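Quick note: the sequence shown uses this note's numbering, first residue 94, plus one each step.
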Amino acid sequence: MMMVSGWITAGVFLCAFLTILGRYRKRNRLVWIFKPLTMALIIALPVLAARRPYAPYLCWILAGLLFSLAGDVFLMLRRERFIAGLASFFAAHLFYIAAFVGFESFHWSPLFLIFFSVYGVIIYRFLSPHLGHYKRPVLAYVIVIVIMGWRAWARWDLLRSDAALTAACGALLFILSDSILAWNRFRQPFRSAEALKFAAYFSAQWMIAMSAVF
Numbered sequence: 094m095m096m097v098s099g100w101i102t103a104g105v106f107l108c109a110f111l112t113i114l115g116r117y118r119k120r121n122r123l124v125w126i127f128k129p130l131t132m133a134l135i136i137a138l139p140v141l142a143a144r145r146p147y148a149p150y151l152c153w154i155l156a157g158l159l160f161s162l163a164g165d166v167f168l169m170l171r172r173e174r175f176i177a178g179l180a181s182f183f184a185a186h187l188f189y190i191a192a193f194v195g196f197e198s199f200h201w202s203p204l205f206l207i208f209f210s211v212y213g214v215i216i217y218r219f220l221s222p223h224l225g226h227y228k229r230p231v232l233a234y235v236i237v238i239v240i241m242g243w244r245a246w247a248r249w250d251l252l253r254s255d256a257a258l259t260a261a262c263g264a265l266l267f268i269l270s271d272s273i274l275a276w277n278r279f280r281q282p283f284r285s286a287e288a289l290k291f292a293a294y295f296s297a298q299w300m301i302a303m304s305a306v307f
């Protein structure tokens, strides 16, 4: 299993690099091929290497990864479907939340709740004047990623396992990726945004997928 996950991981990061390269060199074909291929390999990781292939946690994570792949495709179309992409990622986060809540005792972790809530308020406050008719969809999305981040870290606070920490770090990177995307799209574009966004996004999804492999 370790050899399988190692080879898949190598493929993930090679495809992620080619996605970033294609974006900066304006080679859309590279992006169209390697962006979904990166996610497909990330999805294959827990499918082929998970120690507990029928665990509820794995099923929720796989659902989240599949909806993330759908969101990627919507955002890649020639006539971008931003709302459809946003809705797909919104659904993905709901599945991740279901995975992170799980069947353990509900753990509040108020410090993490405060941290992610404050971050959500701050980022939305900065974005809000620039969102136009996207205000409500983006607000709903900010709320769901705040809950996702909180529940991931609350789960780690409860379990203190390597798998839970991997998922929690992945959740944090996912929020970072979304923040970079939103800042670059709605407030102030900057050249390094694409590299930072994709690096954080693919690392986040890989870590969340790996948390189901342990």
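Beta carbons are placed, not taken as given, at the ideal position from N, Cα and C, and that holds for glycine. Values in this document were obtained by computation on a predicted structure and should not be read as measured data.
Could you give the distance in angstroms between the alpha-carbon of residue i and the alpha-carbon of residue j?
| i | j | result |
| --- | --- | --- |
| alanine 177 | valine 231 | 12 Å |
| serine 296 | leucine 266 | 7 Å |
| glycine 225 | leucine 151 | 38 Å |
| glycine 99 | valine 105 | 10 Å |
| leucine 168 | phenylalanine 182 | 11 Å |
| alanine 233 | arginine 145 | 33 Å |
| arginine 118 | arginine 284 | 12 Å |
| alanine 286 | leucine 274 | 7 Å |
| leucine 111 | cysteine 262 | 24 Å |
| phenylalanine 219 | lysine 228 | 12 Å |
| phenylalanine 199 | valine 124 | 41 Å |
| alanine 142 | alanine 257 | 17 Å |
| phenylalanine 193 | tyrosine 212 | 20 Å |
| phenylalanine 307 | glycine 115 | 33 Å |
| alanine 109 | leucine 252 | 31 Å |
| arginine 172 | valine 166 | 11 Å |
| phenylalanine 291 | alanine 260 | 18 Å |
| leucine 107 | alanine 137 | 15 Å |
| valine 239 | tyrosine 147 | 28 Å |
Put residue i into one of helix, strand or coil per three-state DSSP.
| i | result |
| --- | --- |
| alanine 143 | coil |
| valine 306 | coil |
| tryptophan 299 | helix |
| serine 181 | helix |
| proline 282 | coil |
| phenylalanine 167 | helix |
| tryptophan 153 | helix |
| glycine 195 | coil |
| tryptophan 224 | The sequence as given places leucine at residue 224; tryptophan does not occur at that position. Residue state, collapsed to three classes: coil. |
| serine 254 | coil |
| serine 98 | helix |
| lysine 119 | coil |
| serine 202 | coil |
| arginine 172 | coil |
| alanine 67 | Residue coverage of the chain in this structure runs from 94 to 307, which leaves residue 67 outside it and unanswerable. |
| alanine 137 | helix |
Considering only C-alpha positions, which residue in the set the options is nearest to residue i?
| i | options | result |
| --- | --- | --- |
| valine 214 | Ser202, Ile236 and Arg229 | Ile236 |
| phenylalanine 175 | Pro139, Leu114, Thr259 and Arg278 | Arg278 |
| arginine 280 | Pro222, Gly195, Ser202 and Leu138 | Pro222 |
| leucine 170 | Ala260, Asn121, Ile113 and Pro203 | Asn121 |
| glutamine 298 | Arg116, Ile216 and Pro139 | Pro139 |
| proline 149 | Pro203, Leu179 and Gly195 | Gly195 |
| alanine 40 | Ala180, Asp255, Ala288 and Pro203 | The structure shown does not extend to residue 40, since the chain is modelled only from 94 through 307, so no value can be given for it. |
Does the beta-carbon of residue i have 16 or more other beta-carbons within 10 angstroms, so that it is buried, or is it exposed?
| i | result |
| --- | --- |
| alanine 65 | Any answer about residue 65 is impossible in this case: the structure gives the chain only from 94 up to 307. |
| arginine 305 | Residue 305 is actually alanine in this sequence, not arginine. Buried: at least 16 other Cβ atoms inside 10 Å. |
| serine 270 | buried |
| tryptophan 249 | buried |
| methionine 96 | exposed |
| alanine 302 | buried |
| serine 272 | buried |
| alanine 103 | exposed |
Exercise. With contact counted as at least three CB pairs below 8 Å, one residue from each stretch, are the stretch 186-196 and the stretch 138-155 in contact?
Worked result: yes
For this session: May I ask you to verify whether the stretch 200-218 touches the stretch 237-245, counting CB pairs closer than 8 Å and requiring at least 3?
Result: yes
For this session: Mind the definition here: the stretch 128-139 touches the stretch 159-170 only if three or more C-beta pairs lie below 8 Å; say whether that holds.
Result: yes
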